[in-house]
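Q: 1 is the number of the first residue of the sequence shown in full-length UniProt numbering; add one for each residue after it. Glycine residues also receive a C-beta, built at the ideal position from the N, C-alpha and C atoms.
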Amino acid sequence: MNHPIDTIEEQQHAVRQLFERIPFNEYLGIELDEVSRQRVVMHLPMKQELVGNFFHGILHGGVIASLLDVVGGAMAMIGTFEKHQHLTTEERALRLSRLGTIDLRIDYLRPGRGKRFSAGATLLRSGNKVAVVRSELHNEEGVLIAVGTGTYLCG
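As C-alpha cells, this is what we get:
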C-alpha cells in the first residue's frame, strides 16, 4: 500500500521517532528543536562529561563531530522522504533503515566554548542513493564553532 509521508508534520514525527530511538543521542543530551523541509536544528547543553580539553573546559571535538553528524543524518532523512514519495511505506522504510554516514568532513573553526551548542543542517543534494548535507555548529552567543559536510547513504 502506498501511503506517502507528504506532510511536514508526518516527516517531523518520523524524524523525531527515529531520533529518540538512538541511545547515543540521549547519552550526549542532544535535543531536537526544528524539523522542516529546509533545515533541521538540534542543540546540546554543555556538561562536564563532554569536555575535551580540561584545561580550558571546551567541548570535545568528537562530540562536535557527532552532533553535526546526527543533525546531518536527520536532514538527509527529510531529503529521502521528499525524493521517495512514490514508494510504498514498506519500500520507504527499507530505504530509511539503510540510512548511514558515508563520509563526514568537519572543519573546526574555533574552540568549543559555551554553555549551549546549536547545530543546523541544510540539504545540498538528495539523489536516489546519496544525500549531501551542510551543517554548522554555533554556541549560545552565535559564534560559529565548526562546519561539516556529510554524505549519507539513503537508498
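1) Looking only at DSSP bridge pairs, what is F117 linked to?
2) Roughly how many angstroms separate the alpha carbons of E20 and L32, rounded to a whole number?
3) Within 10 Å of its beta-carbon, does T88 have 16 or more other beta-carbons around it, so buried, or fewer, so exposed?
4) Go through its chain and collect everything with a Cβ distance to N128's Cβ below 6 Å, but skip five positions before and after it.
5) Name the DSSP beta bridge partners of V133, please?
6) What three-state label does DSSP hand R95 in the structure shown?
7) Work out the CA separation of T122 and L67 for me, nearest whole Å.
8) On the criterion of 16 or more Cβ atoms from any shown chain inside 10 Å, does H84 qualify as buried, or is it exposed?
9) Taking the beta strand (DSSP E) that N128 belongs to, which residues open and close that run?
10) Could you pull out every residue in the same chain whose Cβ sits closer than 6 Å to the Cβ of A74, ignoring the five residues on either side in sequence?
11) Applying the 10 Å Cβ sphere with the 16-neighbour rule, what's the burial state of Q48?
12) Against chain D, does L124 count as a neighbour if the rule is that its beta carbon must be under 8 Å from one of theirs?
13) Taking DSSP as the reference, what is the three-state secondary structure of I30?
14) If you follow the beta strand (DSSP E) that I64 is part of, which residue opens it and which one closes it?
A: Once the coordinates are examined:
1) According to DSSP, which records beta bridges pairwise, F117 is partnered with L44 and N139.
2) Going by the C-alpha atoms only, they are around 9 Å apart.
3) With fewer than 16 other Cβ atoms within 10 Å, it is exposed.
4) If the five residues before and after N128 are omitted, its C-beta is found closer than 6 Å to the C-beta atoms of G155, all from its own chain and listed in chain order.
5) L123 and G150.
6) It is helical.
7) About 14 Å.
8) Per the 10 Å Cβ criterion, buried.
9) That residue, N128, is in no beta strand (DSSP E); it is neither H nor E in DSSP.
10) Excluding sequence neighbours, A74 sits near V15 and V40.
11) It is exposed - the Cβ of Q48 has fewer than 16 other Cβ atoms within 10 Å.
12) Protein chain content of the structure displayed is limited to a single chain, and chain D is not contained in it.
13) Of the three classes helix, strand and coil, the one that applies to I30 here is coil, per DSSP.
14) Under the DSSP assignment, I64 falls outside any beta strand (DSSP E), being part of the alpha helix (DSSP H) whose first and last residues are G61 to K83.
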